[in-house]
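Here the structure comes first, spelled out in structure tokens, and everything after it is commentary.
Okay, structure coming up:
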């Protein structure tokens with residue numbers, strides 16, 4: 001699970017919606033799988049890059065096809 005540097009849950013979809021540039025980065029923390037009491041979090045840099053329109057369209061088609069194949073409905077935020 002990703003957390004913000006202040007310890008609050010990291011909302012990936014909100015971060016993606018707020019990004020104005022083609023590329024960006026966000027610092028996040030990860031606690032999962034860490035040992036110790038309390039566990040020392042890993043501080044990571046998450047790189048975010050927008051897909052070009054053709055890549056986005058191809059990915060949407062892939063998600064919809066996979067959802068149909070498995071009889072599911074994709075998360076609208078993924079489209």
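Residue numbers (UniProt numbering): 1 to 79. The C-beta atom is built at its ideal place from N, Cα and C for all residues, glycine as well.
*Enclosing alpha helix (DSSP H) for residue 12 [first to last residue]*: Counting from one through the chain shown, the residue named residue 12 turns up at place 12. Its alpha helix (DSSP H) spans residues 12 to 18.
*Mark residue 28 as exposed unless 16 or more other C-beta atoms lie within 10 angstroms of its C-beta, in which case mark it buried.*
Counting from one through the chain shown, the residue named residue 28 turns up at place 28. It counts as buried.
*Do residue 43 and residue 19 have their C-beta atoms within less than 7 Å of each other?*
Counted from its first residue, the chain shown places residue 43 at position 43. Counted from its first residue, the chain shown places residue 19 at position 19. Contact flag unset, no.
*Starting from residue 57, follow the alpha helix (DSSP H) in both directions and report where the run begins and ends.*
Reading the chain shown from its first residue, position 57 is the one you call residue 57. Segment 53 to 69, the alpha helix (DSSP H) holding residue 57.
*For residue 24, which of 79, 45 and 55 has the nearest alpha-carbon?*
What you label residue 24 is simply residue 24 of the chain shown in a count that begins at 1. Residue 45 is the option with its Cα nearest to residue 24.
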